[in-house]
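In what follows, a single structure is set out as structure tokens and then discussed.
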Amino acid sequence: GGRTAKAARPLCAMDRDTLWLESMLEAAPPQCKAERVRHRADTIFLLVMGGRVIAMQTGFAMLEAAYARPMNSANIMMKNCMDLFLGVFVYYLFGYWISFGKEPMLIEENGFD
């Protein structure tokens, strides 16, 4: 029963994404590390807060439906869905620019044909 040291995976056994990520991290200057950490934290914050907004939207839809007649519940749900979709669209057009100081990319600018 002797323990053997775990051998490092050969380079050919790594997947393409792992190789790309490691090469990008090695190529980046060390002073960029703080910026990467801040960017990750900002992204996580936006995702979590976006999820909370959607949860509040559904909660408000349930509250509205509880105070309406049952035959109007479907209309209230559709109104709240449209409110959410309109809010996302307006954020994409104007809020992204206000939040990040740059215009959002269009599909053509991303390299898709």
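Each number in this note's numbering comes from the position in the sequence shown (counting from 1) with 65 added on. For glycine and all other residues, C-beta sits at the position ideal for the given N, C-alpha and C.
Taking residue i as the reference, give the member of the options with the closest Cα.
i	options	result
residue 125	97, 111, 146	146
residue 116	153, 144, 90	153
By Cβ distance below 8 Å, which residues in the same chain neighbour residue i in space, the five residues on each side in sequence not counted?
i	result
residue 66	Bear in mind that a pLDDT of 48 at residue 66, under 50, signals an unreliable position, so the model cannot answer this.
residue 81	none
residue 148	122
Residue i: buried (16+ other C-beta within 10 angstroms of its C-beta) or exposed?
i	result
residue 141	buried
Requested in this report: Report yes or no: do the region 92-107 and the region 116-123 share at least 3 C-beta pairs separated by less than 8 Å?
Outcome: No, they do not touch.
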